[in-house]
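K.L.:
Below is a structure I'd like to ask you about.
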Amino acid sequence: MFKKHPLAVAIAALLSSFAVHPSESVVVDAPATEQAAAETGSYLEVASHDTHETDREVETITVSGQRSTKRADLPGASAGVTGTELRERVFINTEDALRHLPDLTIRKRYVGDRNALIGGRSHGTLQAPRGVVYADGVLLSNFLGRFNAPRWNMVAPEEISRVDVLYGPYSALYPGNSIGTTVLITTRDPNEFTTSGRVQFFSQDYKGYGYQDDYGGRQYSAFTGNRWGAWSGTLGINRLENDSQPMQYATGTRVNNPSAAVIASAVPVTGAIRDRDSRNQPRLILGPDGGSLEGNEQNQVKGRLSYQNDLFRADAQVGFWVNDFDRDGVSFLRDAGGATVTRGNIRVGDDIYTVANNAFGPQEGREEHLMSSLTVRTQRDSGWNFSGVGSIYHIGEDELRSSSPTDANTRAGNIVEGGSGDGWWNADLQASYRADGLPHTITLGYYHSSYDLDSKTFSAAEWRHGGRGTLTSASQGSTRQQALYAQDAWEFRPLWTATAGVRVEFWDAFDGQRQRTESGAVVTAPYDDLDEDAVSPKLSIAYAPEAYTLRYSVGRGVRFATVSELFQGSQTGTNIVNNNPDLKPEDSISHDLTLETVLADRHQVRVSLFYDRVKDTIAQQLNQATNVTNIQNVDRVDTHGVEFVYGIKELLPNVDLDANLSLVNSKIEKNDALPQTVGKHWVRVPNVRANLVANWRFLPQWNANLAARRSGRQYSDLDNQDTNDHVFGGASKFTTVDSRVAWHFRETIELGVGVENLTDEEYYIFHPYPGRTWIAELRATF
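This is how it looks when you write it as structure tokens:
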């Protein structure tokens, strides 16, 4: 139950590898250290609290989305950002760190969104298992489900020292999920007493479909740490309160050829809005549905205790996060007397529609997550080093109570327990060898992970406080993955480095079953156990003279199905999701050609050409006519693209600039299940993504930041018939601008005012996204 390279990697992201310079530990948290490194364009000698041989893969730390070119054994393209840079920008939630990095999409629908998914070069935000996220080596990605976001809330923004991103499956040290994007978060590790705190307030005036209201919240965060000889420790706490804008809208179901009884029962109403959906079909908008307006209170606390001597380091950490939330809706419908109508048959003009009983039904829920990890490692200058990382992520409580009133019982509803699974555990054991004077750096390792699902849905006579009623459905099952891996970085000639590796993975799924109640009896449908294995070779060749680094990388990666994709179906109202126990694993062959250089000691430039071919891509497709979503394999998806990344310090006096542009063509090449989709664009991968970030220190105590994002055309449906993009349910093109101004009125005190979506752009990625949001914050550091 150890996760080494992930950890090392996460760690490495922060600093130079301990294995290289174990004696050069500095305060990675210190703003002066980060700023100095940023000004020189390199973090080569910054040491992390959690490093071993895996860390060498990200040892040369990036600056503002561009990596220094001094490392030739990094097997693929990468990008990153420091905590200092993040705190100069609009930065509320941890996932915001990725917002302006190259070729990434973050599905953050509102402040505190627990389902902020990652989209990358060749995968969209509907493919969560291709986004791998580690914090100090602990896996935060939730591979229990097909649509579960990383647990960003286990890392408070105030903790972050830096964030790095690796693109593609070019390292043998990471699981097959790395065919997409690997994110490595490194938290602060002070070597003397430090403490900091931040208070933020945010507010937006949201307008959509004729509905307008103010939504906002606040966040309190504190971090402290100290070192006592060989011992050190940190403690962080975070509290977030927020109310979201509407997330989705209820729609009416038109009744064709209604009976006389239906016609007689239909209530004439006003207030409904007619529009066309993303596929240009007419529909009736009734108002934000019962799961739409969410208010949440999230609390997080995390502590770490470390011991270190000249040859050994151990770290133990525990994190706890709890969330209490409620959801509600707002019906636009009014009868002749002005009363609100929330369910039943309605008449709009000459048409009859049905409003589902639970269309505006409120919901309440509670989540409790506990994360613990232990890391041990040796840190010799040369020879053998050994490390082990183990982590357990336990979902102690995951309950959702929802109202679904009937004529007989207006308080009736449902209780869902364990909808997100029970949790997971991981282990990674690693040995690395590097000898002075030899051109090889060898890494060997063993990896193990397990994921458990146990989800049950019950009826409830009293949805808010009542006990369980009849079991209506249940899903159980587990997956397990083991791997052996080896990698060698070989400097086979002056200026030339070859990094070759192989990962052999063994995967199985077992104890899968679904249950439902029929005629008062529980019926169980078991699934057959499954097993797969895969051999994934990797190779990178780099040529690194003084002026530049040129690297070609190729690698195979295999992403196995999650336990939810295999065994967990669901039904919410009339919406049905069918699981698929016969899913094949995704099989990717990826290529990357990258040129990195620094011109005139100021201009950092990266150009990357990439090609991904993925067989048996796992996708979900909604049948619009039946409201049934099926999980299925798509035979082959090809993606070609190019990334341009540019960064400069002092473009003008006291002005730094970072920019990136990605152009992508991702298409379905074969799909026997739905042949009409061949030649169509792959879902949720924009054809253009661009970012521009400018930072201006216009006075000694003042700083201004401007950040812009552009996302081009994308689709949510495999057949690309969702061409009406600027409506609820569509996938919009958009350009947003964020800005922030900060005043350091004392050496340790900072007052900032910022705005997200400065131009109040209205856009949708299925859900409506926030309008103009104002942020005020106060931060103190001692």
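FYI, the numbering for the sequence shown is -22 to -1, 1 to 760, going by mature numbering (1 follows the signal peptide of the UniProt record, and there is no 0). Note that CB positions come from ideal geometry on N, CA and C, so glycine has one too. Fair warning: this is a prediction, and the values are worked out from it, not measured in the lab.
Going by C-alpha distance, which of T502, E543 and S568 is nearest R534?
P.N.:
Cα-wise, what sits closest to R534 is S568.
K.L.:
Mind reading off the beta-carbon distance from L95 to G115? Whole number of angstroms is fine, and I expect it under 8 angstroms.
P.N.:
Not really, about 22 angstroms apart at Cβ, beyond 8 angstroms.
K.L.:
Here's the rule: buried if 16 or more other CB atoms are within 10 angstroms of the residue's CB, otherwise exposed. What is I727?
P.N.:
With fewer than 16 other Cβ atoms within 10 Å, it is exposed.
K.L.:
Cα-Cα, which of Y411, S369, V394 and G339 is closest to S382?
P.N.:
Out of Y411, S369, V394 and G339, G339 has the C-alpha closest to the C-alpha of S382.
K.L.:
Quick check on DSSP: helix, strand or coil for E377?
P.N.:
Three-state DSSP puts E377 in a strand.
K.L.:
For W130, which of helix, strand or coil comes out of DSSP?
P.N.:
Helix.
K.L.:
Out of T419, A405 and N404, which one is the CA nearest neighbour of Y411?
P.N.:
It is T419 whose Cα lies nearest to the Cα of Y411.
K.L.:
Specify the secondary structure class of P224 as computed by DSSP and reduced to three states.
P.N.:
P224: coil per DSSP, three-state reduction.
K.L.:
Can you give me the C-alpha to C-alpha distance between G315 and V233, rounded to a whole angstrom?
P.N.:
In a straight line, the C-alpha of G315 is about 24 angstroms away from that of V233.
K.L.:
Just to confirm, are V623 and L587 a CB contact at a threshold of 8 angstroms?
P.N.:
No, they are not a contact pair.
K.L.:
Going by C-alpha distance, which of S237, D267 and Y424 is nearest I330?
P.N.:
Of the candidates S237, D267 and Y424, the one whose C-alpha sits nearest the C-alpha of I330 is S237.
K.L.:
Assign Q278 to one of three DSSP states: helix, strand, or coil.
P.N.:
It is a strand residue.
K.L.:
Considering just the uninterrupted stretch of the beta strand (DSSP E) at A405, what are its terminal residues?
P.N.:
Counting along the chain, the beta strand (DSSP E) containing A405 begins and ends at G401 to R412.
K.L.:
With distances taken between CB atoms, is the gap from D293 to T202 smaller than 8 angstroms?
P.N.:
Contact flag unset, no.
K.L.:
Span of the beta strand (DSSP E) holding T435?
P.N.:
Here the beta strand (DSSP E) through T435 covers H418 to A438.
K.L.:
Using DSSP's beta-bridge definition, name the partner residues of A464.
P.N.:
L422 and V480.
K.L.:
Does the separation of the CB atoms of F712 and Y741 fall below 8 angstroms?
P.N.:
Yes, Cβ-Cβ distance for F712 and Y741 is below 8 angstroms.
K.L.:
Determine, using beta carbons only, whether G154 and A512 come nearer to each other than 8 angstroms.
P.N.:
Yes, Cβ-Cβ distance for G154 and A512 is below 8 angstroms.
K.L.:
Check the C-beta distance from G455 over to A487 and give it rounded, since I have them as a contact under 8 angstroms.
P.N.:
Sure, about 6 angstroms apart at Cβ, within 8 angstroms.
K.L.:
Taking the alpha-carbon positions, what's the A520 to K562 distance?
P.N.:
Approximately 34 angstroms, taken between the alpha carbons.
K.L.:
What did DSSP end up calling Y747 once you bin it into helix, strand or coil?
P.N.:
In the structure shown, Y747 sits in coil (DSSP, three-state: anything other than H, G, I, E or B).
K.L.:
Mark I241 as exposed unless 16 or more other C-beta atoms lie within 10 angstroms of its C-beta, in which case mark it buried.
P.N.:
So I241 counts as exposed.
K.L.:
So for L561, helix, strand or coil by DSSP?
P.N.:
Reduced to three states, the DSSP call for L561 is coil.
K.L.:
Using beta-carbon positions only, say whether R124 and S542 come within less than 8 angstroms of one another.
P.N.:
In this structure, S542 lies closer than 8 angstroms to R124 by Cβ.
K.L.:
Are the CB atoms of G547 and Q453 within a distance shorter than 8 angstroms?
P.N.:
A small fix is needed here, since residue 453 is Ser in this sequence, not Gln. Going by C-beta atoms, S453 is nearer than 8 angstroms to G547.
K.L.:
Run through the DSSP bridge pairs and tell me what H372 is partnered with.
P.N.:
BP columns for H372 point to L348 and G401.
K.L.:
Determine the burial state of F121: buried for a count of at least 16 other Cβ atoms within 10 Å of its Cβ, exposed for fewer.
P.N.:
Looking at its Cβ environment, which holds 16 or more other Cβ atoms inside 10 Å, F121 is buried.
K.L.:
If you draw a straight line from the alpha carbon of Y148 to that of E483, how long is it in whole angstroms?
P.N.:
Taking the straight line from one Cα to the other gives about 15 angstroms.
K.L.:
Taking only the alpha-carbon atoms, compute the straight-line gap between A8 and E66 and give it to the nearest angstrom.
P.N.:
Any answer about A8 is weak, because its pLDDT of 32 lies below 50 and its placement is not dependable; what the coordinates show is given next. Each residue's Cα considered, the two are about 15 angstroms apart.
K.L.:
Taking Cβ to Cβ, would you say P748 is nearer than 8 angstroms to Q223?
P.N.:
The answer is yes: Cβ separation under 8 angstroms.
K.L.:
Which one of N605, V300, R257 and Q460 has the shortest CA to CA distance from D376?
P.N.:
Closest option to D376, Cα to Cα, is V300.
K.L.:
Evaluate W680 with the Cβ neighbour count: other Cβ atoms within 10 Å of its Cβ, from every protein chain shown; 16 or more gives buried, anything less gives exposed.
P.N.:
So W680 counts as exposed.
K.L.:
Which residue's Cα is closest to the Cα of G61: Y88, N71, L52 and P53?
P.N.:
Selected option, being the one with the closest Cα: N71.
K.L.:
Relative to the C-alpha of N287, which candidate in D306, R254 and Q357 has its C-alpha closest?
P.N.:
Of D306, R254 and Q357, the residue nearest in Cα terms is Q357.
K.L.:
Just curious, the alpha helix (DSSP H) that R65 is in, first and last residue?
P.N.:
Here the alpha helix (DSSP H) through R65 covers G61 to R65.
K.L.:
Which whole-angstrom value is the C-beta distance of N673 and R687, which I expect to be below 8 angstroms?
P.N.:
Actually they are not in contact, since the Cβ atoms of N673 and R687 sit about 16 angstroms apart, beyond 8 angstroms.
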